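>
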Amino acid sequence: MKKMVKKTVAIIGDIGKFCPALAMAAVQQDLRLLFISRNEEVVLDVKAQLGELQNATEVEFSSCEKEGCWEADIIAFTRPEEIEPVLFDRIKQVSTQKTVVVVSHKPVEASEHEKLCFQELLPHSRVVELEIEGAEFRIFGRNSEANQYVQEFFEAAGYQQIQ
Numbered sequence: 001m002k003k004m005v006k007k008t009v010a011i012i013g014d015i016g017k018f019c020p021a022l023a024m025a026a027v028q029q030d031l032r033l034l035f036i037s038r039n040e041e042v043v044l045d046v047k048a049q050l051g052e053l054q055n056a057t058e059v060e061f062s063s064c065e066k067e068g069c070w071e072a073d074i075i076a077f078t079r080p081e082e083i084e085p086v087l088f089d090r091i092k093q094v095s096t097q098k099t100v101v102v103v104s105h106k107p108v109e110a111s112e113h114e115k116l117c118f119q120e121l122l123p124h125s126r127v128v129e130l131e132i133e134g135a136e137f138r139i140f141g142r143n144s145e146a147n148q149y150v151q152e153f154f155e156a157a158g159y160q161q162i163q
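The sequence shown maps to residues 1 to 163 in UniProt numbering.
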């Protein structure tokens, strides 16, 4: 009998304050979390925040964005406004046909969209932008299959979609 391989979610951004919904969903859906950061202090902080969660789900850390995104089934940006554009050059090849979730914890200003258009920077990825406020979220994306997957992912973590 074949053993099912866990899906991997690579989390890029200010992982020191990562999205708690990702952690909840990882435990509930038996996912593997791969935090990507070059900052050792941030990695230690996340390990401390995760505490018991590390026992409930598989958690790993990497300092290489390209390698981490290559391993991932889903790529999540938790602080999109802080992403350096050069990062996209490093991960473009390995993010093809993958779902890329852009998580914002505040309403996205039009000027922010103009600054970084993830779909243009990662044209062969299935980009879904997600705005979270409290326990509610909104989804923006062109790929209906990816939108549906992300919706189910966050609803499983106890979040409610609003229109």
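We put the beta carbon where it would ideally sit given N, CA and C, even for glycine.
All figures in this text were calculated on a predicted structure; none of them were measured in a lab.
Flag this pair as yes or no: are the beta carbons of Ala72 and Lys98 separated by less than 8 Å?
The answer is yes: Cβ separation under 8 Å.
> Thinking just about the alpha-carbon of each residue, which of Gln28, Trp70, Gln151, Ala48 is nearest to the one in Leu34?
Minimum Cα distance to Leu34 is reached at Trp70.
> Grab me the residues of Thr8's own chain with a C-beta within less than 6 Å of its C-beta, minus the 5 sequence neighbours each way, in chain order.
Contacts found: Arg32, Leu34, Glu71, Ala72, Asp73.
> Where DSSP assigns a beta bridge to Val100, which residues make up the other side?
DSSP, once it has assigned bridges, lists Ile75, Val127 as partnering Val100.
> Under a three-way DSSP split, which group does Gly141 fall into?
Residue state, collapsed to three classes: strand.
> Between which two residues does the alpha helix (DSSP H) harbouring Ala10 extend?
Where Ala10 is concerned, there is no enclosing alpha helix (DSSP H), although the beta strand (DSSP E) it sits in stretches over 8 to 12.
> Hey, out of Ala146, Val94, Cys64, whose CA is closest to Leu121's CA?
Looking at the Cα atoms, Val94 is the closest of the given residues.
> Where do the ends of the alpha helix (DSSP H) carrying Ile91 lie?
Unbroken alpha helix (DSSP H) run through Ile91: 86 to 91.
> Under a three-way DSSP split, which group does Gln28 fall into?
Reduced to three states, the DSSP call for Gln28 is helix.
> When the Cα atoms are used, what is the spatial distance from Ile36 to Gln163?
Roughly 31 Å between the two C-alpha positions.
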